[in-house]
Amino acid sequence: GLDAYPQPRKGIIMDFRYFRREAVLMGLLIAGVIVWQVINRSPAQTPVQASLMLVPAPTQAVLLKGEFTPGPGLRVLWSGESAESEARFFAGWLAGYTGFEIPVEEAQPGQEPANRILFRLVREVELSPEGYRLDISTEGIEISAVGAAGLFYATQTLRQMLDDGPGLPACSLLDTPAFSWRGLLLDASRHFWTPDQVRRVIDQLAYHKMNVLHWHLTDDQGWRLAVELQPRLAQHAAWRTEPDGSRYGGFYTAEQVREIVAYAAQRHVTVVPEIEMPGHSQAALAAYPELSCTGGPHEVWNDWGVSKEIFCAGNEATFLFLQSVLVKVTGLFPSAYVHLGGDEVPVARWEACPRCEERRLELELPDAHALQSWFLRRIADSLALQNRQVIGWDETAEGPLLHPQAIVQVWRDMDFAEAAIRSGHRVIASPTSHAYFDYGLESIDLKKVFEFNPVPEAFRGRREAALVLGGAANAWSEHIPDQAALDDRLFPRLLAMAEVLWHGPGAMAWPDFHVGVQHHYNRLEKLGIAFGAETVPLRFESAVGAGGGLDIRLIPGMPDADIFYVEGRTVPDSTDRKVSGDTAGSTPIRFSRGDHSITARAYRRGRPSGETITREFRLHAALGVAPKLAVPWTAPYDGGGAGALTDGRLGTDQFRDGIWQGYFGADLDATLDLGVAVTVDSVLLGAFQYINSWIFLPRRVRVYAGTIQGNLELISIADNPVSPHERNRFVRTFVAAFPAKEVRYIRVVAESLGTCPAWHEAAGNPAWLFIDEIAVR
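Convert by adding 97 to the 1-based position in the sequence shown; the result is the number in our numbering.
This is how it looks when you write it as structure tokens:
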């Protein structure tokens, strides 16, 4: 009845008072059409059904009856000038796939696509420049798009279907991306990737409808671009001497860069070069020390972290050098964008440099950080004259002089994305929380990436959201030394990033996406990609058992994984003890006293999944006694919460393992109540050091004890004998030993360094203190 719908709704409205019979007939007709569609289509109509499990999945998909199999006599047609190149490119690939020649010709008016693949350029409002419509019938295929990119992405959908088998399911797909920037950062500085390896990454991006390769070409550990006017960049800055004395490095010639850029362009991948400045520049300064504040000498850095050597902002020769380099860069890279880095710039050298201080005073800038803002603005202005826009990491948005057309790439936190949007700047989101693929699975796994939203929460559903161009995964290569490690870190996580950036977050439910990923593994294997695990392949769960022992369970990260383990540090294989499925209800591994270790490895799909993992455990008198903390830990490094410091688990050599508890610029001050007086003769405390990440051992550990809570006496002091200059990451156990005595309360104070020392590249910034187990014996 019309009275029930005072406002028009989607559908057909008929006044039931005068057209009752017609309305009933119309309803029956519509019902009949729906029934006919149901009968003649597959019963499932979602993008995750077996025939259409694509990554990323199509925006809209309808599966029809039948299939089309490319065979002899197949022709590829094109309509529209820029459609020809896409038609010929795909026909070349398809000829290699099928083994027979495929002629390519211009489509004639009214020509039907019988045993033909038609590439057609159209004008459709519902399609974006990269969107496409793909119609597959039993007679042939028609691809429609408003631009060449859309035609190309349709062929990648066809490739994925063909990787499932020669028969293409009859279907109608409408596909268009949510974000225009769908990228991957590939770090070639820490580890050099050959041109063939770079092309391989480009192929992987294109196959998954990603469109930006952010090529990180320079850093403290190596300069990778040959520049004729600065020959020492290739001769010296591209090579470093490793701690073992070996020489490591490499660079790309101009011809190699042109070939890679052209290769990427044919696959609709834009290559965006990053030339770091003013920091992350020790490699360049090793070749041209006169451009530093001290004059050198410098060596290409052979360690990770951030060097304090930066380009001198008070030296005009610095800008002449960088401008000549960027002229070369813009000549090689047709991209509208040049990434200038601009992150993690320690300003200690500038503050001590007379020329930089003179420059700051001349410009009436308040401090050295403002000098960094001026430095980048000057470079951005010169690039604007070459019709290029700059991209900078989110630190560049903190200064007052950010170029109005600059794009801010957020890496630290999405709060910085919100701040950049509020200031009117466009944003690329690649935060450490979701997009750092060099991080382990304990920090970022497949589901975590799938939950990524490039738009800050404050702007979702608002017009300012349009300032978010998209996002990018970052593959920093400090710990990605070879092709196998790169495959392992990128996949399958890159599949989730591709899905989120193509359709936007929330477009697909996690269970549907996860099913599609399982189907997609077969395609990755055909591409020769040695993909890694989806999540931590196995978890160690421990709990204090009866009588003060420790119960340990090994939990597979995936339900179809098996775990093989041994006690000790021997690498297990498939002949060792086995755990299958969720063991939460099974008999645990039980330790009653002392120190123990378990080494385990997961197996999935008939092969090892993830790395071999060893965990160490320490049983002691305070096991399970949650300490009272004078100062809380610093998020997100909670180590597992309130009881983390006495749970029996010992931290590993990775501070993001979820075991370490972190304190930023603060001491650890923890008091334990053992409940009753017990005899104690030692207290052990585990601590971590990795000064490249600003993590230092405590300067000393003080232990107080007694039987009365308010009357504890100092019974031991353990000083730190390790040089704070030690660059390697390591774990040290502080042992406070004393004559045995009866105690109930124990207070442990680990004194932080407070701030990074004057010699450190982050001098003056708060230092981290990382602690794991307080063991009482």
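By construction, the Cβ of each residue, glycine as well, lies at the ideal position given by its N, Cα and C atoms.
| Would you call G319 buried or exposed, if buried means 16 or more other Cβ atoms sit within 10 Å of its Cβ? | Residue numbering aside, residue 319 sits at position 222 when the sequence shown is read from its first letter. With 16 or more other Cβ atoms within 10 Å, it is buried.
| field | Whole-angstrom distance between L437 and P375, CA atom to CA atom | value | Sequence index remark: in the sequence shown, residue 375 carries index 278 (1-based). Sequence index remark: in the sequence shown, residue 437 carries index 340 (1-based). Each residue's Cα considered, the two are about 9 Å apart.
| message | Between Q294, V612, P589 and S527, which has its C-alpha nearest E622's C-alpha? | response | One-based indexing of the sequence shown puts residue 622 at position 525. Selected option, being the one with the closest Cα: P589.
| query | Ordered along the chain, which non-local residues of its own chain (more than five positions away) have a Cβ less than 8 Å from that of K107? | reply | Residue mapping note: residue 107 aligns to position 10 of the sequence shown, counting from 1. Note on K107: pLDDT 43, under 50, position unreliable in the model; the coordinate value appears next. Here the set comprises nothing.
| task | Identify every run of the beta strand (DSSP E) within the region 801-870, keeping only runs that are complete inside it and at least 3 residues long; order them along the chain. | result | 810-816 and 827-848
| Cα separation between S389 and R715? | Here residue 389 corresponds to residue number 292 of the sequence shown, with the count starting at 1. Here residue 715 corresponds to residue number 618 of the sequence shown, with the count starting at 1. If you take the alpha carbons of S389 and R715, they lie about 49 Å apart.
| said: Closer than 8 Å is the cut-off here; do at least three beta carbon pairs connect the region 210-219 with the region 170-180? | reply: yes
| query | Count the other CB atoms within 10 Å of the CB of H822; is the residue buried (16 or more) or exposed (fewer)? | reply | Working through the sequence shown from its first residue, we reach residue 822 at position 725. With fewer than 16 Cβ atoms within 10 Å of its Cβ, H822 is classed as exposed.
| query | Apart from the five residues just before and just after G682, which ones in its own chain have a Cβ nearer than 6 Å to its Cβ? | reply | Within the sequence shown, residue 682 is the residue found at index 585, counting from 1. Reliability of the predicted coordinates at G682 is poor, the pLDDT of 49 falling under 50, and no value is obtained from them.
| query | If you compare alpha carbons, which of P340, L326 and R256 is closest to L423? | reply | The count along the sequence shown starts at 1 and reaches residue 423 at position 326. The option with the nearest alpha carbon to L423 is L326.
| field | Beta-carbon gap between W508 and W490 smaller than 8 Å | value | Stepping through the sequence shown from its first residue, residue 508 is reached at position 411. Stepping through the sequence shown from its first residue, residue 490 is reached at position 393. In this structure, W490 lies closer than 8 Å to W508 by Cβ.
| For A864, which residues of its own chain have a beta-carbon under 7 Å away from its beta-carbon, when the five flanking residues on both sides are left out? | Sequence index remark: in the sequence shown, residue 864 carries index 767 (1-based). For A864, where only same-chain residues beyond five positions count, the Cβ hits under 7 Å are G762, W791, F793, S849, L850, G851, T852 and C853.
| request: Tell me, please, which residues DSSP counts as bridged to S671. | output: If you number the sequence shown from 1, residue 671 lands on position 574. DSSP output for S671 lists no bridge partner at all.
| Buried or exposed: which applies to P463, given that a residue is buried once 16 or more other Cβ atoms fall within 10 Å of its Cβ? | Within the sequence shown, the letter at position 366 stands for residue 463. Per the 10 Å Cβ criterion, exposed.
| message | Within a Cβ cutoff of 7 Å, which residues of the same chain sit near H717, ignoring the five residues on either side of it in sequence? | response | Position 620 of the sequence shown holds residue 717. Hits under 7 Å: A872, V873 and R874.
| query | Thinking C-beta only, is Q751 closer than 8 Å to E735? | reply | As a first step, residue 735 must be located in the sequence shown, where it is residue number 638. As a first step, residue 751 must be located in the sequence shown, where it is residue number 654. Inspection of the sequence shows that residue 735 is occupied by Asp rather than by Glu. Contact: no.
| field | Integer Cβ distance of A465 from R457, believed to fall under 8 Å | value | Start at 1 with the first residue of the sequence shown, and residue 465 comes out as number 368. Start at 1 with the first residue of the sequence shown, and residue 457 comes out as number 360. Indeed, because the Cβ distance is near 7 Å, the residues count as touching under 8 Å.
| Counting pairs of beta carbons, one from the region 516-523 and one from the region 541-548, are three or more of them closer than 8 Å? | no
| task | Check each candidate in H857, P733, V722 and F534 and name the one with the smallest Cα separation from G745. | result | Reading the sequence shown from its first residue, position 648 is the one you call residue 745. If we check each option's Cα against that of G745, V722 comes out closest.
| message | Checking the sheet assignment: what are the DSSP bridge partners for Q506? | response | Sequence index remark: in the sequence shown, residue 506 carries index 409 (1-based). W490 and I525.
| said: Quick check on DSSP: helix, strand or coil for C453? | reply: Locating residue 453 in the sequence shown gives position 356, where the first residue counts as 1. Reduced to three states, the DSSP call for C453 is helix.
| said: At the level of alpha carbons, what is the spacing between A837 and D692? | reply: Counting from one through the sequence shown, the residue named residue 837 turns up at place 740. Counting from one through the sequence shown, the residue named residue 692 turns up at place 595. Rounded to whole angstroms, A837 to D692 spans 21 Å at the Cα level.
| said: Just verifying my parser: in three-state terms, what is the DSSP assignment at P705? | reply: To locate residue 705, count along the sequence shown from 1; it is residue 608. It is a strand residue.
| field | Check whether V800 and V828 have beta carbons under 8 Å apart | value | To locate residue 800, count along the sequence shown from 1; it is residue 703. To locate residue 828, count along the sequence shown from 1; it is residue 731. Not in contact: V800 and V828 (Cβ atoms no closer than 8 Å).
| request: Would you check if there are 3 or more beta carbon pairs closer than 8 Å linking the region 262-269 to the region 152-168? | output: yes
| Does the separation of the CB atoms of L265 and I233 fall below 8 Å? | Position 168 of the sequence shown, counting from 1, holds the residue named residue 265. Position 136 of the sequence shown, counting from 1, holds the residue named residue 233. Yes. Within cutoff.
| Where DSSP assigns a beta bridge to S389, which residues make up the other side? | What you label residue 389 is simply residue 292 of the sequence shown in a count that begins at 1. In the DSSP output, where bridge partners are listed per residue, S389 has F408.
| task | Give the C-beta separation of Q580 and Q353 to the nearest angstrom, bearing in mind that I take them to be a contact with Cβ-Cβ under 8 Å. | result | Position 483 of the sequence shown, counted from the start, is the residue given in the question as residue 580. Position 256 of the sequence shown, counted from the start, is the residue given in the question as residue 353. Going by Cβ atoms, the distance from Q580 to Q353 rounds to 18 Å, so no, they are not a contact pair.
| Whole-angstrom distance between V614 and V145, CA atom to CA atom | Along the sequence shown, one-based indexing puts residue 145 at 48. Along the sequence shown, one-based indexing puts residue 614 at 517. Model confidence at V145 stands at a pLDDT of 40, short of 50, so the residue's coordinates are unreliable; what they give is reported in the following sentence. Approximately 10 Å, taken between the alpha carbons.
| Burial state of R560, where buried means 16 or more other Cβ atoms lie within 10 Å | As a working mapping, residue 560 is identified with position 463 in the sequence shown. Exposed: under 16 other Cβ atoms inside 10 Å.
| query | Considering only residues of the same chain and omitting the five flanking positions on each side of A445, which have a CB-CB separation below 7 Å? | reply | Walking along the sequence shown from the start, residue 445 turns up at place 348. So the qualifying residues of the chain are K405 and A860.
| request: Please state whether DSSP places Y345 in a helix, a strand or coil. | output: For this step, residue 345 is matched to residue 248 along the sequence shown. If DSSP states are grouped into helix, strand and coil, Y345 belongs with the strands.
| query | Over what stretch of residues does the beta strand (DSSP E) that includes A242 continue unbroken? | reply | Here the question's residue 242 lines up with position 145 in the sequence shown. Where A242 is concerned, the enclosing beta strand (DSSP E) stretches over I238 to A242.
| field | Assumed close pair L635, A697 - CB separation to whole angstroms, cut-off 8 Å | value | By one-based count along the sequence shown, residue 635 stands at place 538. By one-based count along the sequence shown, residue 697 stands at place 600. Right, their Cβ atoms sit about 6 Å apart.
| field | Nearest-angstrom Cβ-Cβ length linking I357 and R296, presumed shorter than 8 Å | value | Locating residue 357 in the sequence shown gives position 260, where the first residue counts as 1. Locating residue 296 in the sequence shown gives position 199, where the first residue counts as 1. Correct: roughly 6 Å between the Cβ atoms.
| Taking the C-alpha atoms as reference points, what is the distance between P578 and G568? | Residue 578 sits at position 481 when you count from the first residue of the sequence shown. Residue 568 sits at position 471 when you count from the first residue of the sequence shown. So the two alpha carbons sit approximately 24 Å from each other.
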